[in-house]
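In the working numbering, the protein residues as written are 13 to 486. Glycine included, each C-beta is placed from N, C-alpha and C at the ideal position.
What follows is the structure in structure tokens.
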């Protein structure tokens with residue numbers, strides 16, 4: 013039994029989102045959703061049944077704060093309270109029953125709820141069913157809790173990470189972006205999965221429809237009542253409407269700051285994007301345009317240390333004359349492995365000019381490139397590699413922003429474009445990936461395009477002027 017939106021208790025009859033989740037769910041799931049679609053209630057019901065039907069089960073449900081954890085537990089307790097009395101006093105009699113825990117001693121099963129702020133939530137437990145609710149709103153310390161909780165779930169256990177979006181950064185955003193790598197099944201549920209999101213068209217003047225509304229009517233089949241609700245919702249929530257009542261799994265992640273890049277251009281290219289012609293190395297190498305005879309290519313490289321929990325290494329291949337993106341290499345590669353892959357990629361693209369950022373881990377990559385016999389390493393002022401500095405970095409980013417705004421069709425990679433969405437300008441004028449997001453593809457492409465300009469003398473002329481300006485101010 014659950015509370016109805018229209019007041020009173022009713023039997024849980026799965027709605028559209030709940031049915032679709034049930035049909036597609038696996039042992040590892042991540043759910044991105046609009047508000048009030050009933051996913052939290054459905055997962056609670058699913059796990060409650062598994063807890064009482066499978067002796068020896070441990071279920072843990074974790075919310076973003078204590079108040080929400082207690083509200084979830086009220087839902088679970090309501091399931092138990094509305095079972096037949098002989099069941100509650102028989103097999104499902106409880107030994108401990110408080111605002112956070114329900115223990116069934118005759119089954120040796122237990123249902124717990126916890127707050128993400130509790131770093132010890134899963135410590136010492138073997139968890140068979142784990143539901144992490146509103147992960148996008150977990151406190152920073154809660155990320156440690158997530159790591160601990162997931163480590164407590166055996167391979168055959170079930171995990172659900174679900175949330176409405178909350179900015180283009182943080183643990184949930186990161187988990188959604190890398191779901192393919194981690195083996196999680198993505199589930200996206202937009203607001204129109206709930207029939208309650210509709211209003212009488214007599215309340216507002218509906219026609220004519222905007223192009224955006226017309227597209228939703230044609231593509232999704234929204235009714236006039238749903239379009240009317242959408243207008244009212246957007247008038248009330250304004251910029252937050254796309255986040256709270258998601259319509260697609262990209263625009264709902266709102267960057268926390270002013271985006272450096274043209275979002276309209278990014279959206280246009282993403283809408284028109286297609287699958288690569290070739291994918292290899294477990295999708296870490298993607299090729300959209302294979303090398304052509306007599307063409308020259310540039311490979312911009314942003315190296316990283318190679319640790320599984322750290323930044324990614326990325327290489328972006330562009331055609332020298334047009335700047336067209338041709339291929340992308342992206343993954344957790346230690347310096348030597350990255351150098352080996354770069355040599356092979358460079359040879360494939362007609363001995364492409366290899367432009368490796370020499371900051372930090374780049375020094376080791378450059379040494380290995382020379383050892384591997386890379387024939388065409390970019391040199392800058394008598395040194396191998398590209399130096400990204402406080403002066404060159406802003407110019408690189410602005411150059412990439414200008415190319416994206418004026419020639420968006422040069423870009424093919426959804427990963428690169430999504431990183432552009434989360435690359436923001438801060439109050440002090442600096443720019444970087446928003447909290448929890450990555451910028452490896454952005455920096456690799458910025459290096460490639462800056463090196464392309466530098467060969468024409470344009471980039472260093474601009475940065476020299478900037479250096480002179482800084483010197484005059486100081």
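Buried versus exposed call for residue i [16 or more other C-beta atoms within 10 Å across all chains shown]
i, result
"residue 12", "No answer is possible for residue 12: it lies beyond the span of the chain, which begins at 13 and ends at 486."
"residue 473", "In this predicted model, residue 473 has a pLDDT of only 48, less than 50, meaning its place in the structure is not dependable enough to derive any value."
"residue 485", "Residue placement at residue 485 cannot be trusted, given a pLDDT of 47 that sits under 50; what the coordinates show is reported in the next sentence. Classification for residue 485: exposed."
"residue 281", "buried"
"residue 72", "buried"
"residue 117", "exposed"
"residue 168", "exposed"
"residue 30", "buried"
"residue 466", "buried"
"residue 417", "exposed"
"residue 122", "buried"
"residue 382", "exposed"
"residue 450", "buried"
"residue 25", "exposed"
"residue 212", "exposed"
"residue 23", "exposed"
"residue 149", "buried"
"residue 15", "exposed"
"residue 199", "buried"
"residue 63", "buried"
"residue 426", "buried"
"residue 314", "buried"
"residue 214", "exposed"
"residue 178", "buried"
Beta-bridge pairing of residue i - partner residues as DSSP gives them
i, result
"residue 238", "For residue 238, which the question treats as bridged, DSSP gives no partner whatsoever."
"residue 196", "Per DSSP, none; premise fails for residue 196."
"residue 48", "Answer by DSSP bridge pairing: none, since residue 48 is not bridged."
"residue 41", "172 and 197"
"residue 142", "72 and 171"
"residue 391", "396"
"residue 365", "310"
"residue 466", "Looking at the DSSP assignment, residue 466 forms no beta bridge with any residue, so it has no partner."
"residue 127", "75"
"residue 435", "445"
"residue 22", "14"
"residue 271", "436"
Residue i and residue j closer than 8 Å at C-beta
i, j, result
"residue 262", "residue 430", "yes"
"residue 75", "residue 146", "yes"
"residue 372", "residue 399", "no"
"residue 272", "residue 437", "yes"
"residue 357", "residue 341", "yes"
"residue 409", "residue 458", "yes"
"residue 115", "residue 85", "no"
"residue 336", "residue 289", "no"
"residue 119", "residue 142", "no"
"residue 203", "residue 254", "no"
"residue 20", "residue 434", "no"
"residue 197", "residue 37", "yes"
"residue 176", "residue 79", "no"
"residue 159", "residue 70", "no"
"residue 237", "residue 39", "no"
"residue 343", "residue 374", "no"
Spatially closest choice to residue i from the options, by CA coordinates
i, options, result
"residue 87", "52, 241 and 65", "52"
"residue 331", "43, 83, 191 and 461", "461"
"residue 387", "310, 192, 434 and 105", "310"
"residue 205", "439, 24 and 28", "28"
"residue 312", "100, 366, 98 and 211", "366"
"residue 376", "393, 362, 349 and 357", "349"
"residue 279", "423, 41 and 103", "423"
"residue 297", "408, 304 and 453", "453"
"residue 446", "343, 171, 82 and 186", "186"
"residue 328", "344, 299 and 317", "299"
"residue 144", "106, 354 and 81", "81"
"residue 345", "338, 353 and 339", "353"
"residue 385", "392, 115 and 363", "363"
"residue 291", "441, 240 and 338", "338"
"residue 303", "158, 202, 360 and 170", "360"
"residue 50", "207, 140 and 62", "207"
"residue 240", "406, 217 and 314", "217"
"residue 189", "404, 392, 43 and 36", "43"
"residue 242", "233, 225, 230 and 232", "225"
"residue 428", "326, 179, 395 and 419", "326"
"residue 413", "355, 276, 343 and 285", "276"
"residue 235", "201, 210 and 220", "210"
Cβ-heavy atom distance, residue i to the ligand GDP, below 7 Å
i, result
"residue 357", "Of ligands this structure carries none, so the ligand GDP is not represented either."
Contained beta strand (DSSP E) runs [length at least 3] in the region 287 to 362, N- to C-terminal order: 290 to 292, 297 to 299, 309 to 314, 325 to 331 and 337 to 343
Runs of alpha helix (DSSP H) wholly within the region 167 to 229 (minimum 4 residues, chain order): 182 to 189 and 191 to 194
Inside the region 68 to 119 only - beta strand (DSSP E) runs reaching at least 3 residues: 70 to 75 and 113 to 116
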